[in-house]
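See structure below.
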Amino acid sequence: MTELLVAILVLIILARATGELMQRLGQLAILGELLIGIVLGAIISYGPFSQFASLPENEVFGAITSLGMFFLMLMTGMEMDINKLARASKTGVVVALGGIIIPLGLGYFIGHIFLPDSSYKFAQSFFIGVALSITAVPALSRVLIELKQLDTRLGRTIMNAAIVDDVLGLFLLAILTTMLTGGDTFSAGELGILALKIIGFFVFVFIAGKYLIPHLGRVSALSKFEEIEFSVAMVIALLFSVAAEYAGMHFIIGALFAGMFLRRETFGKKIATHLEEHIKGITIGFLAPLFFVSIGLHVDLLALTTAPVFVLALLLAAIIGKVVGCGLPARLSGFSTRESLAIGSGMNGRGAVEIIIAVVALEAGLFTRPVPVPAVVSAVFSGIVIMAIITTVVVPLTMKPLLKV
């Protein structure tokens, strides 16, 4: 246990230090946390770093990183505004649809071309498509704020598209996690049952979000217990997560939807702000850095040499899919060519959700089948993480010249 505590101590210090460095360089802290994990993963067998070698297989550390996923998705949900989705413009919806369909198709096509034939090929290819489809809303909003474009027609279109993109991505993620937890193949009857479970989950989410959660918020406001709102939030998030698991999905789906309903209307502005600070503190200050470092530890840089064409194709599909899928509808909606390219470039940013999806697939054994594992299959996880890092870095670098900022 002492070795684990020492390892966590070192990881927190390194992760926060590199995260701070990245922020000073105008990038997201998540990039520093991922990169330090990748570096440690590359030198893990040498000298003083050998104590980290057993971390990826350590059950306690695994539980901590699972909590990191839970709180990250909860926090992500709290940052999403359901009301804004209802007000999304027609252009934003069209841009979002293009930004989902084209990358999803390209990702599936790449999987179909590069991955060997097996009973897992469909799920593996579908995973690649889903990972390429989702846009990171928090990262995108940060870039738009820094470029002073958030409250412009272009900025509103991008944010509307990103929000719709995320909601559509949730449905794709629900399908993917059901596939991963339900087995390798499904009969027509099993598919029908799984579809009913997913529909049942979303019905539960709607009813609980509309009636149960506001009631719990009012009850907690009358309580004299300290930090009761945090306990109520955890009960709600765990309840949604358990419901997601019963529906055959991953618990992260439940945590994310719980976060979407834990808004100011539930507890009131003052308590909600206090709750957000608590959840953000434990997530950003402790759990998230450990989670992203652990992802880096799993990345195999040899993927760049064992399957370089696949990784390059993955990166190109990620960039082209968003630029064309989002940029073309924007151009047809009246934006200039430069503005359309800026919209496509802005939608290119990935983030925590894509990486969490990759972890879910990794834990489900999606990259360890068939046996023996082909080199290109073992490179999928590392390729997705590398893609997420590169696309996130290039968003501000491409948007600034396009918007002449």
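Per my numbering, the sequence shown starts with residue 7, numbered consecutively. Glycine is no exception: its CB is placed at the ideal position from the N, C-alpha and C atoms.
For residue i, the nearest candidate out of the options (CA to CA)
{"i": "isoleucine 361", "options": "Met75, Leu20 and Ile14", "result": "Met75"}
{"i": "proline 376", "options": "Ser124, Phe236 and Ala364", "result": "Ser124"}
{"i": "isoleucine 290", "options": "Phe77, Val16, Met84 and Glu65", "result": "Phe77"}
{"i": "isoleucine 288", "options": "Leu80, Leu40 and Val16", "result": "Leu80"}
{"i": "valine 359", "options": "Ala385, Leu408, Ile301 and Phe231", "result": "Ile301"}
{"i": "isoleucine 116", "options": "Val99, Leu408 and Val317", "result": "Val317"}
{"i": "leucine 146", "options": "Phe132, Lys203, Pro295 and Ile349", "result": "Ile349"}
{"i": "phenylalanine 297", "options": "Leu10, Val16 and Glu39", "result": "Glu39"}
{"i": "leucine 307", "options": "Glu369, Pro378, Ile390 and Val238", "result": "Ile390"}
{"i": "tyrosine 217", "options": "Glu282, Ala180, Ile164 and Thr272", "result": "Thr272"}
{"i": "threonine 398", "options": "Leu73, Phe67, Ala142 and Gly98", "result": "Ala142"}
{"i": "alanine 324", "options": "Val383, Ser346 and Met393", "result": "Met393"}
{"i": "arginine 269", "options": "Leu403, Arg224, Gly68 and Ala336", "result": "Arg224"}
{"i": "glutamate 283", "options": "Glu369, Ile50, Ile49 and Met84", "result": "Met84"}
{"i": "leucine 41", "options": "Val379, Ala381, Gly135 and His304", "result": "His304"}
{"i": "leucine 334", "options": "Ile108, Phe67, Val16 and Leu156", "result": "Ile108"}
{"i": "valine 330", "options": "Ile18, Ser346 and Val315", "result": "Ser346"}
Straight-line gap, residue i to residue j (C-alpha atoms, nearest Å)
{"i": "alanine 59", "j": "glycine 47", "result": "8 Å"}
{"i": "isoleucine 169", "j": "lysine 96", "result": "13 Å"}
{"i": "methionine 28", "j": "arginine 22", "result": "10 Å"}
{"i": "methionine 353", "j": "glutamine 33", "result": "16 Å"}
{"i": "glycine 274", "j": "valine 12", "result": "40 Å"}
{"i": "leucine 103", "j": "glycine 206", "result": "25 Å"}
{"i": "serine 247", "j": "isoleucine 259", "result": "7 Å"}
{"i": "serine 131", "j": "alanine 201", "result": "20 Å"}
{"i": "serine 388", "j": "serine 229", "result": "48 Å"}
{"i": "threonine 71", "j": "glutamate 65", "result": "10 Å"}
{"i": "leucine 409", "j": "arginine 344", "result": "7 Å"}
{"i": "alanine 489", "j": "leucine 138", "result": "Any answer about residue 489 is impossible in this case: the structure gives the chain only from 7 up to 411."}
{"i": "methionine 185", "j": "leucine 372", "result": "11 Å"}
{"i": "glutamate 26", "j": "lysine 203", "result": "43 Å"}
{"i": "alanine 278", "j": "alanine 319", "result": "44 Å"}
{"i": "threonine 24", "j": "alanine 35", "result": "7 Å"}
{"i": "histidine 118", "j": "valine 173", "result": "26 Å"}
{"i": "isoleucine 395", "j": "alanine 294", "result": "16 Å"}
{"i": "lysine 127", "j": "leucine 245", "result": "33 Å"}
{"i": "isoleucine 213", "j": "serine 342", "result": "43 Å"}
{"i": "isoleucine 140", "j": "isoleucine 134", "result": "11 Å"}
First through last residue of the alpha helix (DSSP H) which encompasses residue i
{"i": "arginine 337", "result": "314 to 338"}
{"i": "threonine 141", "result": "Here threonine 141 belongs to no alpha helix (DSSP H), and DSSP marks it neither H nor E."}
{"i": "arginine 30", "result": "8 to 30"}
{"i": "serine 237", "result": "234 to 252"}
{"i": "arginine 344", "result": "343 to 352"}
{"i": "glycine 105", "result": "96 to 120"}
{"i": "threonine 431", "result": "Because the chain in this structure spans residues 7 to 411, residue 431 falls outside the shown range and cannot be described."}
{"i": "histidine 304", "result": "294 to 304"}
{"i": "threonine 279", "result": "275 to 288"}
{"i": "alanine 364", "result": "358 to 369"}
{"i": "threonine 398", "result": "386 to 408"}
{"i": "phenylalanine 263", "result": "257 to 267"}
{"i": "alanine 35", "result": "35 to 48"}
Cβ-Cβ separation, residue j to residue i (assumed contact under 8 Å), whole Å
{"i": "valine 366", "j": "histidine 280", "result": "With 8 Å as the limit, valine 366 and histidine 280 do not qualify as a contact, their Cβ atoms being about 31 Å apart."}
{"i": "glycine 105", "j": "lysine 328", "result": "6 Å"}
{"i": "alanine 313", "j": "alanine 385", "result": "4 Å"}
{"i": "methionine 405", "j": "valine 100", "result": "Going by Cβ atoms, the distance from methionine 405 to valine 100 rounds to 20 Å, so no, they are not a contact pair."}
{"i": "valine 136", "j": "leucine 110", "result": "7 Å"}
{"i": "serine 351", "j": "valine 383", "result": "Not confirmed; about 31 Å, so no contact."}
{"i": "isoleucine 242", "j": "leucine 222", "result": "7 Å"}
Residue i CB to nearest heavy atom of the ligand FMN below 6 Å
{"i": "methionine 28", "result": "Absence of the ligand FMN from the depicted structure is noted, as is the absence of any ligand whatsoever, leaving it without description."}
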